[in-house]
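What follows is a set of notes on a single structure, which appears directly below.
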Amino acid sequence: GIALTLDIGILDVSTCEALPNVMVEIWSANAEGEYGTFLRGASPAGSNGIVEFQTIFPGFTSQGANHINLMVHTTSLISSGVSHVGQIFFTDKWTTIIGMQPPYNTNTNVRVLDLDDPVYMAASEAGFYPVVDIESIHDDWPEGVIGYISTCKMLVS
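For what it's worth, our numbering labels the leading residue of the sequence shown as 53, then goes sequentially.
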């Protein structure tokens, strides 16, 4: 798949301040839309509330639009409580462009657009914009893309 450098900013939803040192887990489907024991990772957010992952642009699954699953823990320990589970998405424009490249163009799932994905719609209707801002790494596309999103987490008491 196409390389994706993904930066996720974790914010406290009540104060909009960065939340440092919380564990963030991600997992996604491969270019063909299949899940496995790969494309999974966890890393603590830094002192600025940002965590960076090196992964690939996810393929679309039969259940939803191109997305990456996200879980935020309450501390930097993976064994700590979970304060947020959700999905982050990509614009249909980018998923169309990337979907024309091999191996994405061999994905046999029926593509679901963002507006047809109930998880995307629920997040949008709740006032969030669950879309990763991305751009090409170099002019010699398709070497890879860089993405950034800020996501708020609710503090668990």
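In this text, a Cβ means the ideal position worked out from N, Cα and C, and glycines have one as well.
From a predicted model like this one, the values you see are computed outputs, not experimental measurements.
| Who are the Cβ neighbours of Phe142 in its own chain at under 6 Å, not counting the five residues just before and after it? | Counting from one through the sequence shown, the residue named residue 142 turns up at place 90. Excluding residues within five positions, the ones whose Cβ falls inside 6 Å are Asn118 and Val184.
| query | Taking the Cβ atom as the reference point for each residue, do Ile108 and Gln139 lie within a distance shorter than 8 Å? | reply | Mapped onto the sequence shown, residue 108 falls at position 56. Mapped onto the sequence shown, residue 139 falls at position 87. No.
| Outcome for Val162 when other beta-carbon atoms lying within 10 angstroms are tallied against a minimum of 16 | Taking the sequence shown and counting its residues from 1, one reaches residue 162 at position 110. Exposed, since its Cβ has fewer than 16 Cβ neighbours within 10 Å.
| query | Got a sec, what are the start and stop residues for the alpha helix (DSSP H) Val171 sits in? | reply | As a position in the sequence shown, residue 171 is number 119, starting the count at 1. Here the alpha helix (DSSP H) through Val171 covers Pro170 to Glu177.
| said: Let me check understanding here. Comparing Cα to Cα, which of Ala94, Val74, Ser99 and Pro154 lies closest to Gly111? | reply: Sequence index remark: in the sequence shown, residue 111 carries index 59 (1-based). Per the C-alpha coordinates, the member of Ala94, Val74, Ser99 and Pro154 positioned closest to Gly111 is Pro154.
| query | Which word fits Asp168, buried or exposed, when buried means at least 16 other C-beta atoms lie within 10 angstroms of its C-beta? | reply | Position 116 of the sequence shown holds residue 168. Asp168 should be labelled exposed.
| task | Taking Ala83 as the reference, give the member of Phe105, Pro96, Ser99 and Met152 with the closest Cα. | result | What you label residue 83 is simply residue 31 of the sequence shown in a count that begins at 1. Closest option to Ala83, Cα to Cα, is Met152.
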